[in-house]
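Undergrad:
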Amino acid sequence: MTSMFLERGLLEEAAVLLARTAEVWAPVDEPGLDAPSFGRPGEGLPLAIGPRLPLLPLKTLFLPRVEELFRFAGGAEGPVVVAADVPERERVVLGALACDIRSLELLDRVLLAEPADERYRQRRERTTLLALACTGESPACFCTSLNIDPLRPSGADGLLSPTGEGWLVEALTGKGRDLFERLEPLLRPATAAEIEAAGALASISRAAVSLDPPPGGWDRVWELATWEETATRCIACGICTVLCPTCHCFDVQDEKRGSGGARFRVWDTCMSQQFTQMAHGMNPRPLHFSRVRQRFLHKLVYFAERYGAIACVGCGRCARRCPNATGIDEIAARLRADLEEDGNA
Amino acid sequence: MQQDRLREIAAGFLGRQDARCFVGWEDLPDGSGTRVTVVSRPARVSRLVWNRSCFANTVALLPRLGGTKGVIGVAVKGCDARALRELIRSGQVDRAAVHVVGVPCDGLRERDGSLARRCHGCRYPADFEYDEVLGPMVTPDLPAHPPDDLDLGSMSREERRAFWNAEFDRCIRCEACRRICYACFCPRCIFESTDPRWVSRRDGRPEKLFFHAVRAYHLAGRCIACDECARVCPAGVRLDLLNRALRDGIAALFGYEGAGVSDIEPPLRDFCVDDPDPFAKGRT
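The listed protein sequences correspond, in order, to chains H and D.
Take any residue in the first sequence, count from 1 to its spot, add 127: that is its number in this note's numbering.
Take any residue in the second sequence, count from 1 to its spot, add 91: that is its number in this note's numbering.
1) Grab me the residues of P133 (chain D)'s own chain with a C-beta within less than 6 Å of its C-beta, minus the 5 sequence neighbours each way, in chain order.
2) Shorter than 8 Å from the beta carbon of N451 (chain H) to some beta carbon of chain D?
3) Rounding to the nearest angstrom, what Cα-Cα distance links E262 (chain H) and A334 (chain H) in this structure?
4) Just mark E266 (chain D) as buried or exposed, buried being the case when its beta carbon has 16 or more other beta carbons within 10 Å.
5) When DSSP labels each residue in this structure, what does R208 (chain D) get in the three-state scheme?
6) Does the beta-carbon of I341 (chain D), which I'm using as the reference point, lie nearer than 7 Å to any heavy atom of the ligand MN?
7) Going along chain D, which residues have a C-beta under 7 Å from D161 (chain H)?
8) Going along chain H, which residues have a C-beta under 7 Å from D121 (chain D)?
9) Out of curiosity, what's the CA-to-CA distance linking L234 (chain H) and W289 (chain D)?
10) Any Cβ of chain D within less than 8 Å of the Cβ of G360 (chain H)?
11) Anything in the region 292-308 of chain D with a Cβ closer than 7 Å to a Cβ of chain H? List those residues in chain order, please.
12) Return the CA-CA distance between R167 (chain H) and E140 (chain H), expressed in angstroms with no decimal places.
13) Name, please, each residue of chain D whose Cβ falls closer than 8 Å to the Cβ of R192 (chain H).
14) Measuring only between beta-carbons, confirm whether R448 (chain H) sits less than 8 Å from chain D.
15) Would you mind listing the alpha helix (DSSP H) stretches within the region 271-316 of chain H that are 4+ residues and don't spill past its ends, in chain order?
16) Between the alpha carbons of F402 (chain H) and T396 (chain H), how many angstroms are there, rounded?
17) Can you tell me whether F197 (chain H) is buried or exposed, with buried defined as 16 or more other CB within 10 angstroms of its CB?
18) Please determine, among D:A307, D:Y221, D:L333, D:Q93, the residue with the shortest C-alpha to C-alpha distance to L175 (chain D).
19) According to DSSP, what are the bridge partners of D381 (chain H)?
20) For the region 413-429 of chain H, enumerate the residues whose C-beta is nearer than 8 Å to any C-beta of chain D, in chain order.
21) Alpha carbons only, please: which of D:T285, D:D339, D:G198 is nearest the one belonging to G408 (chain H)?
22) Identify whether D171 (chain D) lies in helix, strand or coil by the three-state DSSP scheme.
23) Might you give, ordered along the chain, the residues of its own chain that have their beta carbon closer than 8 Å to the beta carbon of E319 (chain D), omitting 5 neighbours on each side?
24) At which residues does the alpha helix (DSSP H) containing F146 (chain D) begin and terminate?
25) Using beta carbons (cut-off 8 Å, strictly below), is G365 (chain H) in contact with chain D?
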């Protein structure tokens, strides 16, 4: 297949063209925010296709913060329950970055395992992901340490590689090919120079970060006295869980007015005491440090044991937005050092 | 150097038999700023720093550290001292259980070098008894308002509504604003109550407005203007302006000079038998 090229000036037009047949989402610049957010192009906010992490990760488009599940009402004939639909329209996400796309692959392992989360599954199936080759968001992110290739994300349907005055476009899946067929009126064959430049694209050098267990494994990590010390700085605000692309815990709540109402799910955070509060009054994680420990061991140990990968994509949102700037990379390094010190003592 | 002196004082304090830990600031791992730190051994005091990017409120940590044994040392700049005074006055911190080290501050600096927004109009608490100080703890002579200040009071109601709608539309309801706040120490919180659930966790405009209005009202008269809520907000919501509107309102209605600068009970936590308000009169 001939390599095709999309001129920078035609991007908005491409979004409009795709919007004829699909619901298009892309990073946009919203006034007041210091990072892009996923929005609908053509609704007045400028597109922000570039190597900049959106504030909220891609998961928001697949597992929304708040999602109604069904409505209920009392009636003379008995209660009536109406399930909330997942819109059937096809969706296209433009300009997603490799780290965020990798997070969907991790979420799939949880939410598509049988019994699959039907709402998540439908959204995944109906969405075409057009990735942007990421030349580097900030020195604080470390996707490469987690074997993610920011320039050629796996899990994407198509790829935009920035070069010269636009993007070299490549289809990576059948879904991607369909998409580029629709964009055909706006594409032109790429020149040899553009193909070469895209091939030579390099990402900024990122810090080498290790989230791997120390030589002796994580076995004794639970008992480390240092958890309490590590947790003192944490104010349990939960920003890290809201912004983490791999955090996926939610609460299910009913809201009732009169004889009717709705059941919805809403993101929850393990940093909150309520997260494990039982109806009968007991709380298995009563102490702050035990909640901090849970959050990090879930990412580093439990998820890895159960789903075969560390639940981190190296985006660095946790460290960057934490009021006390403590990210998972620093925690992992600290734990490893403490275990080694402990082992030598 | 004040920073060296701070380390000396912390080391001296941690050498005491009854010392538990010392709360101050340390550099971020990447050197791009500072954060709160808790040091428990004299050998570790070299981590402590003091400079004009020490934004974090050290005092907010105190009620959360828990435990009852021993004394906690804490470095406080002017705004932290206001918070500490409020926590002591409202019985959240036992004065005898903290060793307070005053750090004179002539205003924090934003990344571009300008005076931090929060530092405009700063007032140090009067007659606060520090255990040790790095220098005279006097209110610095700083401009009352930032040069690019938004004057919400001069806007029409419609303009103000549009302004706040735009601000709250960005809110992602992570609620870091309430959890960072020094004054959010209630063991039972209206936002966390599940039975009854007073505040919906949906994220529509009405729910966000309700959340922010309730939060601001609960802090009315207790906010010490440290702007930590605005600092940690990932969506850049101008909570500083909301809090200020409440502070200005309390000042105008009750002549209250602001939390943390004196030991006067904040008006909304107080009552008087000859309250002129018809609400009070109507009660039997």
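Built from N, CA and C at the ideal position, the CB exists for glycine as well.
TA: Considering the structure as presented:
1) Working through the second sequence from its first residue, we reach residue 133 (chain D) at position 42. Here the set comprises A102, L105, G106.
2) On the first sequence, position 324 is the one that residue 451 (chain H) refers to. With 8 Å as the cut-off, N451 (chain H) counts as an interface residue toward chain D.
3) Start at 1 with the first residue of the first sequence, and residue 262 (chain H) comes out as number 135. Start at 1 with the first residue of the first sequence, and residue 334 (chain H) comes out as number 207. Going by the sequence as given, residue 262 (chain H) is Thr instead of Glu. Distance between the alpha carbons of T262 (chain H) and A334 (chain H) is about 14 Å.
4) For the purposes of this step, residue 266 (chain D) is taken as residue 175 along the second sequence, with counting starting at 1. Per the 10 Å Cβ criterion, buried.
5) Locating residue 208 (chain D) in the second sequence gives position 117, where the first residue counts as 1. Helix at R208 (chain D).
6) No copy of the ligand MN occurs in the structure displayed, which carries no ligand at all.
7) Indexing the first sequence from 1 puts residue 161 (chain H) at position 34. Residues of chain D passing the Cβ test: G327.
8) By 1-based counting over the second sequence, the position of residue 121 (chain D) is 30. Ordered by position in chain H, the residues that pass the 7 Å Cβ test against D121 (chain D) are A267.
9) For the purposes of this step, residue 234 (chain H) is taken as the residue at position 107 of the first sequence. For the purposes of this step, residue 289 (chain D) is taken as the residue at position 198 of the second sequence. Straight-line Cα distance between these residues: approximately 32 Å.
10) Locating residue 360 (chain H) in the first sequence gives position 233, where the first residue counts as 1. The question names Gly, but residue 360 (chain H) is Arg in the sequence shown. Output row for R360 (chain H): interface = yes.
11) R292, R293, D294
12) Along the first sequence, one-based indexing puts residue 167 (chain H) at 40. Along the first sequence, one-based indexing puts residue 140 (chain H) at 13. Computed Cα separation, rounded: 13 Å.
13) To locate residue 192 (chain H), count along the first sequence from 1; it is residue 65. By Cβ distance, chain D contributes I263, R264, D294.
14) Here residue 448 (chain H) corresponds to residue number 321 of the first sequence, with the count starting at 1. Closer than 8 Å to some Cβ of chain D, the Cβ of R448 (chain H) qualifies, so yes.
15) Within the region 271-316 of chain H, the complete alpha helix (DSSP H) runs of at least 4 residues are 301-310.
16) Here residue 402 (chain H) refers to the residue found at position 275 of the first sequence. Here residue 396 (chain H) refers to the residue found at position 269 of the first sequence. If you take the alpha carbons of F402 (chain H) and T396 (chain H), they lie about 7 Å apart.
17) As a working mapping, residue 197 (chain H) is identified with position 70 in the first sequence. Answer is exposed; the Cβ neighbour count stays below 16.
18) Numbered from 1 along the second sequence, position 84 holds the residue referred to as residue 175 (chain D). When each option's Cα is compared against that of L175 (chain D), the closest is D:Y221.
19) Numbered from its first residue, the first sequence carries residue 381 (chain H) at position 254. Beta-bridge pairing links D381 (chain H) to H:R390.
20) H415
21) The count along the first sequence starts at 1 and reaches residue 408 (chain H) at position 281. Taking only the C-alpha atoms, the option nearest G408 (chain H) is D:T285.
22) Here residue 171 (chain D) refers to the residue found at position 80 of the second sequence. Here D171 (chain D) sits in helix by DSSP.
23) As a first step, residue 319 (chain D) is located in the second sequence; it is residue number 228 there, counting from the start. Around E319 (chain D): F146, A147, N148, A151, I271, C272, Y273.
24) Reading the second sequence from its first residue, position 55 is the one you call residue 146 (chain D). Run containing F146 (chain D): none; DSSP gives neither H nor E here.
25) Sequence index remark: in the first sequence, residue 365 (chain H) carries index 238 (1-based). Taking Cβ atoms only, chain D reaches closer than 8 Å to G365 (chain H), which makes this a yes.
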